[in-house]
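Visitor: Below you'll find the structure I mean.
Encoded structure:
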């Protein structure tokens with residue numbers, strides 16, 4: 437009897453889910469700007485994955501004779517930097533760093549933030565107070581300042597950049613998930629599940645978490661854009677990935693020193709950041725409209 | 008109202024305590040021995056040891072922590088290892104400069120962002136609306152450190168209109184002072200300006216469709232008055248919500264803006280201190296900025312009540328929620 441009931445229950449939501457997903461896709465496509473955003477994001481992802489095939493030169497190959505040449509000279513589409521490295525190739529490889537850091541840092545922040553938010557919201561009481569006070573404390577630091585301070589502790593390097601930006605992302609996720617848990621927790625179906633003898637872990641991961649997913653996905657997408665800017669900012673300050681690794685922020689940093697002589701370095705590296713972040717934000721805006729219209733910018 | 012503010016100030020104490028703990032932990036974890044950094048490579052081992060003793064760096068961590076909290080309660084933020092000046096004095100010298108920069112950026116952001124959002128909402132789906140939305144989306148996606156560099160390139164290097172770096176002095180006249188302020192302020196204003204435009208537009212759209220606006224229109228009020236007096240007042244609350252966040256982001260953004268324009272503010276102070284491993288300065292300034300942010304949020308919450316007296320503040324516990 438119980439199994440029949442569950443099978444009836446589970447087929448209905450499945451169909452509903454399929455319809456919902458189709459609707460979501462339609463909404464996204466109808467929203468042209470979101471489609472453009474998705475296109476830009478997909479394009480940058482392809483560039484990052486196939487960087488060695490796209491880049492005409494190895495990103496760290498120096499050619500001092502041809503240093504700081506203007507775009508279009510000596511086979512260099514976007515010119516070269518102060519070491520004669522091909523700027524276009526470095527930007528193509530820079531996409532890898534930006535996307536790796538952007539996605540990994542957000543996954544890091546989302547994982548720990550969600551866990552803390554779930555525990556905090558579900559169990560409440562002193563644990564909730566302790567976790568949320570700590571999150572309030574972390575939230576009191578301007579995001580980039582927290583990342584900068586953490587980088588001084590961790591030292592330069594790709595993994596450390598991910599950890600620093602990831603930690604700075606935790607409080608945002610924790611708050612969103614906790615808020616969501618507090619409202620889901622009061623719903624009748626949770627009470628029913630509990631009375632049927634489900635464990636806390638099962639309730640949290642099978643029933644509460646899926647109901648937090650929509651705002652999590654929207655917030656996560658927007659956070660990737662923020663994380664990419666933060667990585668560039670850290671590298672711009674000389675605290676990010678180590679040279680000679682090509683990062684958009686470090687190219688911009690070098691470009692700033694040669695601004696008068698070769699403005700193309702600073703110009704193109706910044707455009708790459710802006711283009712990518714704009715694409716992700718456009719996509720995120722569309723996702724929000726489709727998934728969670730109540731959420732504010 | 009007074010009672011509420013006092014209660015909220017007490018509510019903030021645990022948050023500020025947590026902030027102090029986080030800052031303490033982070034700064035103690037910074038690699039490198041501050042004593043040897045301060046004395047330079049020529050210093051003898053004895054001198055370094057004596058300084059470590061003097062700074063309390065040889066004490067166990069929990070002893071250092073109690074000293075640190077005790078000092079904070081007495082308003083003593085310590086003495087900079089590299090500047091040889093009390094941190095409070097350094098902050099007092101630099102903070103007004105950051106405040107001037109942030110305030111002028113905030114004014115620019117408000118003066119342009121809010122009207123842009125209002126116009127955009129009142130002409131929904133027009134070409135103007137789309138343009139404002141596109142520009143503001145580019146604005147929120149802007150790496151401001153790049154924008155700063157580009158502004159220097161075009162307006163300082165190419166056109167020579169504004170100085171590229173530094174903060175003007177009033178001794179050189181108001182014009183020079185303002186000229187120094189313009190590029191950094193625009194750089195810092197970009198993201199809040201775009202955010203204000205987006206928030207104002209979306210909350211205005213929500214308000215405009217409501218019945219009382221239709222009533223106001225049917226009374227024969229001019230569209231200008233309907234929008235400015237009736238709609239905007241009620242669209243203000245969401246704007247206030249983001250104001251606190253934006254001020255926090257501006258304090259962070261000031262680190263980058265001040266670095267590009269060599270602006271002698273708190274951001275530069277922090278970046279320089281990190282460079283020199285002067286952890287007393289990092290500790291003091293980061294803590295100071297965090298506390299300022301917590302207080303700004305309190306101010307924003309109080310403004311909420313002023314703008315919208317129906318908001319039930321008793322349910323609003325804790326720090327910067």
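Residue numbers (my numbering), protein chains in the order written: chain S, 437 to 733; chain H, 8 to 328. No residue lacks a Cβ here, since even glycine has one placed at the ideal position from N, Cα and C.
My guess is that residue 718 of chain S and residue 531 of chain S are in contact by the Cβ rule of under 8 Å, so how many angstroms apart are they, rounded?
Guide: In the first chain, residue 718 of chain S corresponds to position 282, counting from 1. In the first chain, residue 531 of chain S corresponds to position 95, counting from 1. Not really, about 17 Å apart at Cβ, beyond 8 Å.
Visitor: Against chain S, which members of the segment 128-160 of chain H pass a CB distance test of less than 8 Å?
Guide: 144, 145, 147, 148, 149, 150, 152, 153, 154, 156, 157, 159, 160
Visitor: Could you tell me how far apart the beta carbons of residue 605 of chain S and residue 545 of chain S are, in whole angstroms, since I believe they sit closer than 8 Å?
Guide: Residue mapping note: residue 605 of chain S aligns to position 169 of the first chain, counting from 1. Residue mapping note: residue 545 of chain S aligns to position 109 of the first chain, counting from 1. Going by Cβ atoms, the distance from residue 605 of chain S to residue 545 of chain S rounds to 3 Å, so yes, they are a contact pair.
Visitor: With DSSP run on the structure shown, which of helix, strand or coil describes residue 93 of chain H?
Guide: To locate residue 93 of chain H, count along the second chain from 1; it is residue 86. In the structure shown, residue 93 of chain H sits in a strand (DSSP, three-state: E or B).
Visitor: For residue 711 of chain S, count neighbouring C-beta atoms within 10 Å of its own C-beta (all shown protein chains included) and say buried if the count is 16 or more, exposed if not.
Guide: As a first step, residue 711 of chain S is located in the first chain; it is residue number 275 there, counting from the start. Result: exposed.
Visitor: How far does the alpha helix (DSSP H) with residue 163 of chain H in it extend, from its first residue to its last?
Guide: Start at 1 with the first residue of the second chain, and residue 163 of chain H comes out as number 156. Per DSSP, residue 163 of chain H belongs to no alpha helix (DSSP H) and is neither H nor E.
Visitor: Using a 10 Å radius around the Cβ and a threshold of 16 neighbouring Cβ atoms, would you call residue 167 of chain H buried or exposed?
Guide: Within the second chain, numbered from 1, the residue matching residue 167 of chain H stands at position 160. Per the 10 Å Cβ criterion, exposed.
Visitor: Looking only at C-alpha atoms, which of H/254, H/10, H/158 sits nearest to residue 296 of chain H?
Guide: Counting from 1 along the second chain, the entry for residue 296 of chain H is found at position 289. Closest option to residue 296 of chain H, judged by alpha-carbon separation, among H/254, H/10, H/158: H/254.
Visitor: Could you say if the segment 553-572 of chain S and the segment 241-253 of chain H meet the contact criterion of at least three C-beta pairs nearer than 8 Å?
Guide: no
Visitor: Can you pull the chain H residues whose beta carbon is under 7 Å from the beta carbon of residue 661 of chain S, in chain order?
Guide: Locating residue 661 of chain S in the first chain gives position 225, counting from the first residue. Within 7 Å Cβ-Cβ: 148.
Visitor: What residues in its chain sit with their C-beta under 6 Å from that of residue 205 of chain H, if we drop five residues either side in the sequence?
Guide: Here the question's residue 205 of chain H lines up with position 198 in the second chain. Excluding sequence neighbours, residue 205 of chain H sits near 143.
Visitor: Determine whether the Cβ of residue 197 of chain H lies closer than 8 Å to any Cβ atom of chain S.
Guide: Against the second chain, residue 197 of chain H aligns to sequence position 190. Residue 197 of chain H does not count as touching chain S.
Visitor: Helix, strand or coil for residue 40 of chain H? Go by DSSP, reduced to three states.
Guide: Along the second chain, one-based indexing puts residue 40 of chain H at 33. Coil.
Visitor: Under 8 Å, Cβ to Cβ, is there at least one residue of chain B near residue 296 of chain H?
Guide: Chain labels in this structure do not include chain B; the protein chains are S and H.
Visitor: Taking the alpha-carbon positions, what's the residue 187 of chain H to residue 170 of chain H distance?
Guide: Numbered from 1 along the second chain, position 180 holds the residue referred to as residue 187 of chain H. Numbered from 1 along the second chain, position 163 holds the residue referred to as residue 170 of chain H. Whole-angstrom Cα-Cα distance: 6 Å.
Visitor: According to DSSP, residue 86 of chain H sits in a beta bridge with which residue or residues?
Guide: Taking the second chain and counting its residues from 1, the one referred to as residue 86 of chain H is at position 79. Residue 86 of chain H is bridged to H/93.
Visitor: What residues are listed by DSSP as bridge partners for residue 690 of chain S?
Guide: As a first step, residue 690 of chain S must be located in the first chain, where it is residue number 254. Paired residues: none, contrary to the question.
Visitor: Along chain S, in chain order, which residues have C-beta atoms closer than 8 Å to that of residue 36 of chain H?
Guide: On the second chain, position 29 is the one that residue 36 of chain H refers to. When 8 Å is used as the limit between beta carbons, residue 36 of chain H is near these residues of chain S: 589, in chain order.
Visitor: Using a threshold of 8 Å, state whether the C-beta atoms of residue 19 of chain H and residue 152 of chain H are closer than that.
Guide: Working through the second chain from its first residue, we reach residue 19 of chain H at position 12. Working through the second chain from its first residue, we reach residue 152 of chain H at position 145. Against a cut-off of 8 Å, the Cβ pair of residue 152 of chain H and residue 19 of chain H comes out as no contact.
Visitor: For residue 96 of chain H, count neighbouring C-beta atoms within 10 Å of its own C-beta (all shown protein chains included) and say buried if the count is 16 or more, exposed if not.
Guide: Stepping through the second chain from its first residue, residue 96 of chain H is reached at position 89. Flag for residue 96 of chain H reads exposed.
Visitor: Less than 8 Å between CB atoms is the rule here; does residue 266 of chain H satisfy it with respect to chain S?
Guide: Counted from its first residue, the second chain places residue 266 of chain H at position 259. It does: the Cβ of residue 266 of chain H has a partner Cβ on chain S nearer than 8 Å.
Visitor: What is the residue span of the alpha helix (DSSP H) that residue 56 of chain H lies within?
Guide: Position 49 of the second chain holds residue 56 of chain H. Run containing residue 56 of chain H: 52-62, per the alpha helix (DSSP H) assignment.
Visitor: So, is the C-beta of residue 585 of chain S closer than 8 Å to a C-beta in chain H?
Guide: In the first chain, the residue the question calls residue 585 of chain S occupies position 149. Judged by the 8 Å Cβ criterion, residue 585 of chain S is in contact with chain H.
Visitor: Can you give me the Cβ contacts of residue 700 of chain S inside the same chain, cut-off strictly under 6 Å, excluding the 5 residues immediately before and after it?
Guide: Here residue 700 of chain S refers to the residue found at position 264 of the first chain. So the list reads 507, 515, once near-sequence residues are dropped.
Visitor: State the CB to CB distance for the pair residue 658 of chain S and residue 720 of chain S, rounded to an integer number of angstroms; the pair is presumed to be in contact (CB under 8 Å).
Guide: The sequence position of residue 658 of chain S within the first chain is 222, counting from 1. The sequence position of residue 720 of chain S within the first chain is 284, counting from 1. Right, the Cβ-Cβ distance comes to about 4 Å (below 8 Å), so this counts as a contact.
Visitor: Do residue 661 of chain S and residue 148 of chain H come within 8 Å of each other at the CB atom, strictly closer than that value?
Guide: Stepping through the second chain from its first residue, residue 148 of chain H is reached at position 141. Stepping through the first chain from its first residue, residue 661 of chain S is reached at position 225. Going by C-beta atoms, residue 148 of chain H is nearer than 8 Å to residue 661 of chain S.
Visitor: Quick check on the burial criterion: 16 or more other C-beta atoms within 10 angstroms. Buried or exposed for residue 201 of chain H?
Guide: Counting from one through the second chain, the residue named residue 201 of chain H turns up at place 194. Per the 10 Å Cβ criterion, buried.
Visitor: Does the Cβ of residue 238 of chain H have 16 or more other Cβ atoms within 10 Å, making it buried, or fewer, making it exposed?
Guide: The count along the second chain starts at 1 and reaches residue 238 of chain H at position 231. Answer is buried; the Cβ neighbour count reaches 16.
Visitor: If you follow the alpha helix (DSSP H) that residue 290 of chain H is in, where does it begin and where does it stop?
Guide: Within the second chain, residue 290 of chain H is the residue found at index 283, counting from 1. From DSSP, the alpha helix (DSSP H) with residue 290 of chain H extends over 286-314.
Visitor: Please decide whether residue 259 of chain H counts as near chain S, where near means a Cβ-Cβ distance under 8 Å.
Guide: To locate residue 259 of chain H, count along the second chain from 1; it is residue 252. By the rule that beta-carbons nearer than 8 Å mark a contact, residue 259 of chain H touches chain S.
Visitor: Residues of chain S with a CB under 7 Å from the CB of residue 310 of chain H: which are they?
Guide: In the second chain, the residue the question calls residue 310 of chain H occupies position 303. Chain S residues near residue 310 of chain H: none, gap ~17 Å exceeds 7 Å.
Visitor: Tell me which same chain residues have a C-beta within less than 6 Å of the C-beta of residue 129 of chain H, skipping the five on either side of it?
Guide: Position 122 of the second chain, counted from the start, is the residue given in the question as residue 129 of chain H. Cβ neighbours of residue 129 of chain H within its own chain (closer than 6 Å, five residues either side excluded): 234.
Visitor: According to DSSP, simplified to helix, strand and coil, what is residue 136 of chain H?
Guide: Here residue 136 of chain H refers to the residue found at position 129 when the second chain is read from its first residue. Correct three-state label for residue 136 of chain H: helix.
Visitor: Residues of the segment 105-126 of chain H with a CB closer than 9 Å to any CB of chain S: list them in chain order, please.
Guide: none
Visitor: Closest by CA to residue 672 of chain S, which one among S/587, S/513, S/565, S/573?
Guide: Stepping through the first chain from its first residue, residue 672 of chain S is reached at position 236. Ranking the options by Cα distance to residue 672 of chain S, first place goes to S/587.
Visitor: Comparing alpha-carbon positions, which option in H/69, H/21, H/75, H/9 lies nearest residue 287 of chain H?
Guide: Counting from 1 along the second chain, the entry for residue 287 of chain H is found at position 280. Among H/69, H/21, H/75, H/9, the Cα nearest to that of residue 287 of chain H is on H/75.
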